[in-house]
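Undergrad: So that you can map any letter, position 383 of the sequence shown is 1249 in our numbering, and since no number is skipped, the others follow by simple counting. Heads up, the beta-carbon is just placed ideally off N, CA and C, and yes, glycines get one too.
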Amino acid sequence: MTAHRVLMMVGNDIRHDTRVLKTALALADGGVDVTILGYASSGAREESHLGPVRIVRVPVAWRLRDRMWARQRAARERRLFHGALDQRGRRLAALEAGLRAREAEQLGGRGRRARAVVGRASAKVAAVRQRYGSGIARRETAWRSDFETWLAGQDTGASWRRIIPEIDDYELAFGPAIDELDWDVIHAHDVHLVGVATRAVARRRARGGPGDADARWVYDAHEFVAGLSVYPPRTKRKVAAYLDLEQEYVRGASGVVTVTEPLAVELQRRYRLPDTPTVVMNSPVLGDATRDIEVGIREACGLAPDVPLMVYSGGVTVARGIDTAVEALPQLDGVHLAVVCVPHHKVTPATLLAEKAAQLGVADRLHLLDPVPPDQVSSFVASADVGIIPLRHFGSHEVALANKLFEYTYAGLPVLVSDCKAQAEFVSRHGLGGVHTADDPDSFAAALRDVLDRASQIRRTIADSPGLLEPYSWPHQEKNLRDFYRRLLRDPDGIVEPAASSTLDGLTEQPVERTDRPSVVGIGPANMAGQAWAWAKAVEANVPGVRTQVMVVDRDLPLLFPADEVVPVATYRRDPAWGQAFESRALAEWTHALLEAGRPLFGVRHGGDFSGDAEVMRRVGIRVGLLLHGSEARNPARHATTTPWSPFTDPDEELTARLQRQFDALAPKFVEFAASGAGPVFVSTPDLLDDVEGSIWLPVCVDAAVWRSDREVGTGERPVVLHAPSRASLKGSARADETAQALADAGVIDYRRVEGVPPEEMPALVADADIVLDQFALGSYGVMAVQGMAAGRAVIGHVTERVRGVADAAARAEGAGPLPIVEASPDTLADELRRLAADRDALRAAAHAGREFAGAVHDGRLSARVLAEHLRLRGD
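#1: Under 8 Å, do Gly1598 and Pro1510 count as touching if we go by C-beta distance?
#2: Please say whether Val1182 and Val1131 have beta carbons closer to each other than 8 Å?
#3: Tell me the DSSP bridge mates of Met1483?
#4: Skipping 5 residues on each side, what residues in its chain have a beta carbon closer than 8 Å to that of Arg1731?
#5: Hey, Arg911 and Leu1453 are a contact pair by Cβ (cut 8 Å); roughly how many whole angstroms apart?
#6: Considering only residues of the same chain and omitting the five flanking positions on each side of Ala1313, which have a CB-CB separation below 8 Å?
#7: Does the distance from the CB of Val1177 to the CB of Ala1204 come in under 8 Å?
#8: Threshold first: 3 residues or longer. Then list the beta strand (DSSP E) segments lying entirely within the segment 1322-1397, N to C.
#9: At what residues does the alpha helix (DSSP H) containing Pro1042 begin and finish?
#10: If you run the structure through DSSP and keep just helix, strand and coil, what is His870?
#11: Does the separation of the CB atoms of Pro1428 and Gly1396 fall below 8 Å?
#12: If you reduce the DSSP assignment to three classes, tell me which class Pro843 lands in.
#13: Give the DSSP-derived three-state secondary structure of Ile1255 in the structure shown.
#14: Among the candidates Tyr1647, Val1661, Gly1683, Glu1680, whose CA atom is the shortest distance from the CA of Val1669?
#15: Where does Arg1659 fall in DSSP's three states?
#16: Thinking C-beta only, is Leu1111 closer than 8 Å to Gly1041?
#17: Could you pull out every unbroken beta strand (DSSP E) segment of at least 3 residues lying fully inside the segment 1271-1299, listed in chain order?
#18: Under a three-way DSSP split, which group does Cys1167 fall into?
#19: Using alpha carbons as the reference points, say which of Ala1398, Val1412, Glu1520 lies closest to Ala1463.
#20: On the CB-based measure, 16 or more other CB atoms within 10 Å of its CB, does Ser914 come out buried or exposed?
#21: Thinking C-alpha only, which one of Arg1706, Phe1514, Val1432 is nearest Phe1468?
#22: Closest to Arg1070 by CA distance: which of Arg942, Glu1046, Phe1260, Arg1439 is it?
#23: Tell me, please, whether the segment 1506-1524 touches the segment 1558-1570 by the rule of three or more beta-carbon pairs shorter than 8 Å.
#24: Kindly list the residues whose CB is nearer than 8 Å to the CB of Ala1290, restricted to its own chain and excluding five residues on each side of it in sequence; keep chain order.
#25: Starting from the C-beta of Asp1349, find all residues in its chain whose C-beta is less than 8 Å away, skip the five residues before and the five after it, and write them out in chain order.
#26: Within 10 Å of its beta-carbon, does Leu1234 have 16 or more other beta-carbons around it, so buried, or fewer, so exposed?
#27: What's the call for Asp1199, buried or exposed, on a 16-neighbour Cβ count within 10 Å?
#28: Taking three-plus beta-carbon pairs below 8 Å as touching, is the segment 1593-1612 in contact with the segment 1568-1580?
#29: Considering only heavy atoms of the ligand SAH, does any lie closer than 7 Å to the CB of Glu1689?
#30: Assign Trp1083 to one of three DSSP states: helix, strand, or coil.
#31: With DSSP run on the structure shown, which of helix, strand or coil describes Asp1420?
#32: Would you grab the beta carbon distance between Val875 and Ala1063 for me? Rounded to a whole angstrom, and I think it's under 8 Å.
#33: Please determine if the segment 1030-1041 and the segment 928-937 are in contact, where contact requires at least 3 C-beta pairs separated by less than 8 Å.
#34: Applying the 10 Å Cβ sphere with the 16-neighbour rule, what's the burial state of Ser1011?
#35: For Thr901, report the span of its beta strand (DSSP E) as first-last.
#36: Tyr1276 CB to nearest chain C CB: under 8 Å?
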């Protein structure tokens, strides 16, 4: 039987919304396929999973909200009267009036006399503005401010479409995501998304596909909207707008869930709902207070066990009334207050609490702390003496039983609450603590002293009543939720009761990898020596079903290798529209990506290196790897110690210094990427393994069919020697040129030195050679050497023992002999060329061994296996 599918939606980033996460896990435990859709505060789409729950976050542009804010700012700055005129302005007006008067007197004429009259009037107005303007401007500013304040307090005619246009911003962002996801029921958490849910259901039903007619949505009312607390920037008018939103859509829901019994009764009464909303309270898991934690709240505050400590844990706003407790501290000698601030202790209201404590002389007894994970709250606060909930009177608070009430009680703490109706009745009925008059520091102080006096008795009451809180525990609540969905879906057996429930304890989000389809691998933007293209074709040839896309930036260099998409460098750097369009295509199509040379793929929209693009792709489930070719990953300082012929021996030389700065900037990011498990880091030559910790050798590869030549080497009078460096300054080419040219002048060899040759012409040049000179400075070997070996040509170069060891091990694993590149340094190159020119059998042996080695290690099969293993590619 196909599992029921529920799409939960919430207008935040989900991470700290324990109600959303717990309700999603509760349904998933019952066998429901659950996805949560939320807001991507990062600005880029994200996909992950939390245990069995899929999480999708999409960015919201806030265009309509920002337009409203801009209009409001413009309205505040608009003036009927633009203030006083200074003395200079008045004199200029008088001078101009005098000119017009003399002009009329001297020249006459009706028009001139009229202008003289206007001039005199303007001068009089200027005089009045100079004398009275400042006062008039101040009064206008005052009445405009008074009017804005008055309007904010009015609820008549409050329309959500005008006052909270961000609701439509949610529609623009969430609507397309909802339509692409599979769901039977939308579960809209909180009031913000009730309209979005309603319209999505209407679209799904209109689509007319199988099961679409049964699409429905559920409203999860987290708060009593009509009684929301009012504090800046939330005004009475904004609350009325949210109420307008709820009133318009709530009766269209197929079911309603809420957080307390009083709120359920009020919602049914207010909206004449056919059924009383199902109550799923915000309560923690029983036993949370027994979890092991490293530091409790008393230790975090640095307090001895005998120091009286009260704690508040939760959001810090004016409406929560925490300042009442701060103002009571002067009456509570020796008592300390710890405020566990959500989301963190640097929020503005928390700063204001600290300032108030300083003014009252009790700053040393106020402790502002950052939050702990939700599943650790009860354990964290357990060493305090009293938990407080000093809510001010607002309609929503009268029906609220806050999560912290149960967290305190599960921790065994006596509780002090304000006289907001629901929580006061709960605490009084069960003997859990005391009640104070809201917003009254004197009442708070008296009630706290009473609770502290009775603390031992209250703790015994809690300890001796193990069943007291069971009806309010999360296991009980999640069963209520599953029962609700059984009724809603008319399927008593479609949602099971699990043997054990999932909790948030130790559960962390993990990126979702796109393993449900054949892999599509994007590679770019460097394509050094055409290797991105070569690796792509190797993967397609050796992992059937995998597709690739290679993007390269055309930097106006002499050589441009094949690619699927070629982007001019100016477009890449300065065209955000191209970057956004390419990114959108990649995020929609790719399952994997290889970012080359430490560079970004999507232009510079996410920064100047790979890290921004990598994070964007990982968030949507694309598995990302790095592919490093050479200079961006090679440490010049280290390399200078590995071979006497290193081109980096002078740290002050311009190129060396520039490459060192580049390495120092990028290397920590490469290492962090690998160490964090973000993805594999590949290097194209073995020497780079020592520069990038945790990297993997990805052998360069060539198409043997393109490079194969039937001409046997060593048949001519003199061997033809070819040198075609990609970057002569780093290849030791100056010494090689000097040596080879001297031998050519002596008639020992024919020397052909080329550079900047189009890729399609290189196979013919190599075929005409007998010997290929690679490089004589870096101590490794690269694409040119492999091309020469694949063509059956002897290759000479300088290769360190470390690099030979890596290459030989790879060859042995493939059943081939060791790396056959003839070793030569700049000092011994002449000797090796003379030897091979004289010993044609040795020349042919080196050529044949090279062809065998290239076929075993560099024909693409090994590279495809390396990529498939570490990227976890999936074929057909």
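TA: By the coordinates alone:
#1: no
#2: No, the pair does not count as a contact, with Cβ atoms beyond the cut-off.
#3: None; Met1483 has no bridge partner.
#4: Asn1408
#5: 7 Å
#6: For Ala1313, same chain residues with a beta-carbon under 8 Å away, outside a window of 5 residues either side, are Leu1282, Gly1300, Val1301, His1302 in chain order.
#7: yes
#8: 1386-1390
#9: 1032-1046
#10: coil
#11: yes
#12: Limits of the chain in this structure are 867 at one end and 1742 at the other, which puts residue 843 out of reach.
#13: strand
#14: Checking every option, the nearest Cα to that of Val1669 belongs to Tyr1647.
#15: coil
#16: In this structure, Leu1111 does not lie closer than 8 Å to Gly1041 by Cβ.
#17: 1281-1284
#18: Three-state result, Cys1167: helix.
#19: Ala1398
#20: buried
#21: Val1432
#22: Glu1046
#23: Contact check between the segment 1506-1524 and the segment 1558-1570: fewer than three CB pairs, one atom from each, fall below 8 Å, which does not count as touching.
#24: Val1283, Ser1284, Val1301
#25: Thr1144
#26: By the neighbour-count rule (16 or more Cβ atoms within 10 Å), Leu1234 is buried.
#27: exposed
#28: no
#29: The ligand SAH is absent from the structure shown, which contains no ligand whatsoever.
#30: strand
#31: strand
#32: A quick correction: the sequence has Met, not Val, at residue 875. About 7 Å; that satisfies the 8 Å criterion.
#33: Verdict: yes, contact present.
#34: exposed
#35: 899-905
#36: Note that chain C does not occur in the displayed structure, where there is just one protein chain.
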